[in-house]
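Worksheet: one structure, shown below.
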Amino acid sequence: RPAIQVTAKNVGSGAAAAPDDKAGNLAKQIPICIGARLMLTSNLWQPVGLCNGARGTVYDIGWAPGAEPIQDPPCVIMMEFDKYNGPVFLTTPDGKKIVPILPVKRDFLIGATLCARTQFPLI
Numbered sequence: 605r606p607a608i609q610v611t612a613k614n615v616g617s618g619a620a621a622a623p624d625d626k627a628g629n630l631a632k633q634i635p636i637c638i639g640a641r642l643m644l645t646s647n648l649w650q651p652v653g654l655c656n657g658a659r660g661t662v663y664d665i666g667w668a669p670g671a672e673p674i675q676d677p678p679c680v681i682m683m684e685f686d687k688y689n690g691p692v693f694l695t696t697p698d699g700k701k702i703v704p705i706l707p708v709k710r711d712f713l714i715g716a717t718l719c720a721r722t723q724f725p726l727i
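Position 122 (the sequence shown) corresponds to 726 in the numbering used here; numbering is contiguous.
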């Protein structure tokens, strides 16, 4: 299957070089393809199972209208999580419960410099 590298958007001196654990658990890059097994790195909605460590499978990858998939990052990653029990965006004909995962922004400090990283909370 075709794969893409989703590169984080970094703001601030030193943000691009910051390790994941200093940048709100957001990876510098995430290799993604439909069917890939990924894990959440953030507590998005704990009561329904979207929590740090939740595992799931990529169902689809979406881009904004007019975006160029070769150069622009996706705007949504549609996932089927193993233990998700909340409302669904889409139920497939074979019963898969699909939910959207959006990029998140985390602010952090490198020394005294405020930095930010925007990335999907997945690895």
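Cβ atoms here follow ideal geometry from the backbone N, Cα and C, with glycine treated the same way.
Note that the structure is predicted; figures quoted are calculated from it, not measured.
CA nearest to the CA of residue i, picked from the options
{"i": "tyrosine 663", "options": "Lys701, Leu726, Pro669, Ala671", "result": "Lys701"}
{"i": "alanine 716", "options": "Ala612, Ile674, Gly616, Gly639", "result": "Gly616"}
{"i": "cysteine 679", "options": "Asp686, Leu654, Gly666", "result": "Gly666"}
{"i": "cysteine 637", "options": "Thr661, Asp698, Pro704", "result": "Thr661"}
{"i": "glutamine 723", "options": "Gly618, Ile634, Lys626, Gly690", "result": "Ile634"}
Three-state class that DSSP yields for residue i in the structure shown
{"i": "alanine 613", "result": "Note that residue 613 corresponds to lysine in the displayed sequence, not to alanine. Strand, per DSSP."}
{"i": "aspartate 676", "result": "coil"}
{"i": "proline 704", "result": "strand"}
{"i": "lysine 709", "result": "strand"}
Exposed unless 16 or more other CB atoms sit within 10 angstroms - verdict on residue i
{"i": "leucine 726", "result": "buried"}
{"i": "leucine 630", "result": "buried"}
Close beta carbons around residue i, own chain, < 7 angstroms, minus the five adjacent residues each side
{"i": "glycine 628", "result": "Arg710, Phe712, Arg721"}
{"i": "arginine 641", "result": "Arg659, Thr661"}
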